[in-house]
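Visitor: Here the protein sequences come in this chain order: A and B.
Following our numbering, the numbering of the first sequence begins with 59 at its first residue and continues without gaps.
Following our numbering, the numbering of the second sequence begins with 273 at its first residue and continues without gaps.
Sharing a structure here in structure tokens format.
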Amino acid sequence: GAGVSQTPSNKVTEKGKYVELRCDPISGHTALYWYRQSLGQGPEFLIYFQGTGAADDSGLPNDRFFAVRPEGSVSTLKIQRTERGDSAVYLCASSDRSGGTEQFFGPGTRLTVL
Amino acid sequence: RKEVEQDPGPFNVPEGATVAFNCTYSNSASQSFFWYRQDCRKEPKLLMSVYSSGNEDGRFTAQLNRASQYISLLIRDSKLSDSATYLCVVNDPSGGYQKVTFGTGTKLQVIP
Chain A
59 GAGVSQTPSN KVTEKGKYVE LRCDPISGHT ALYWYRQSLG QGPEFLIYFQ
109 GTGAADDSGL PNDRFFAVRP EGSVSTLKIQ RTERGDSAVY LCASSDRSGG
159 TEQFFGPGTR LTVL
Chain B
273 RKEVEQDPGP FNVPEGATVA FNCTYSNSAS QSFFWYRQDC RKEPKLLMSV
323 YSSGNEDGRF TAQLNRASQY ISLLIRDSKL SDSATYLCVV NDPSGGYQKV
373 TFGTGTKLQV IP
């Protein structure tokens, strides 16, 4: 079956611009996670959704970052007033229940802020 | 102290060698432990869960030492295809769900 997909695969933007990153989880997966990964680092937790609600957004670095999952499936991560330090790979993962052992990752969106 | 710590490597080993990675974690209340594999410029994928009694999957053996708060991954008879970054993953007990923390990863390069 189809895995987790993310679009775009690459995004180049200028400092100060607004960007949206999209994640399509595996069909039927209720849990969805967003991570950010910088070079040489492991994925860093940003936010977790169970269904439509953000159950834990403690990893969002500041109020420029926001994520939604209005119908409990597709999720969008939104970054306002982008900064050069936001450049990273943004990974989305889903699992089949909140206590699911395995998280299935998408290929990521590589964001570059010039 | 970082929540999950790994030696970043790289570990350069010849084909056929045995190599072991350790990972330490800071929260003694953590209950779930995993090793993920990440190929260069690819997404992480679950390699194996780590059980209290230790577990083996082919050439891979994972062990947990709760007293010392570390987990290990042993790879026997290394193959070129084992070259990747191995991420240690530990659950965060403060989350009421499967919130996990990733280590920085240990890079393995298997040399012909």
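Every residue, glycine too, gets a C-beta built ideally from N, C-alpha and C.
Going by DSSP in three states, Ser67/A sits in which element: helix, strand or coil?
Guide: Residue state, collapsed to three classes: coil.
Visitor: To the nearest angstrom, how far is the alpha carbon of Arg273/B from that of Val372/B?
Guide: Approximately 17 Å, taken between the alpha carbons.
Visitor: Could you tell me the alpha carbon to alpha carbon distance between Ser304/B and Val62/A, rounded to whole angstroms?
Guide: When rounded, the distance between both Cα atoms is 23 Å.
Visitor: Using only the alpha-carbon positions, how far apart do Ala356/B and Gln138/A sit?
Guide: Between Ala356/B and Gln138/A, the C-alpha separation is close to 34 Å.
Visitor: For Asp279/B, which residues of its own chain have a beta-carbon under 8 Å away from its beta-carbon, when the five flanking residues on both sides are left out?
Guide: So the qualifying residues of the chain are Phe293, Asn294, Thr378.
Visitor: From the DSSP output, which residues share a beta bridge with Asn363/B?
Guide: Val372/B.
Visitor: Apply the 10 Å Cβ neighbour rule to Lys69/A and answer buried if 16 or more other Cβ atoms are within range, or exposed otherwise.
Guide: Classification for Lys69/A: buried.
Visitor: Please report whether the beta-carbon of Pro101/A lies at a distance below 8 Å from any beta-carbon of chain B.
Guide: Closer than 8 Å to some Cβ of chain B, the Cβ of Pro101/A qualifies, so yes.
Visitor: Please go through the stretch 109-169 of chain A and give each complete alpha helix (DSSP H) segment of 4 or more residues, from N-terminal end onward.
Guide: Runs found: none.
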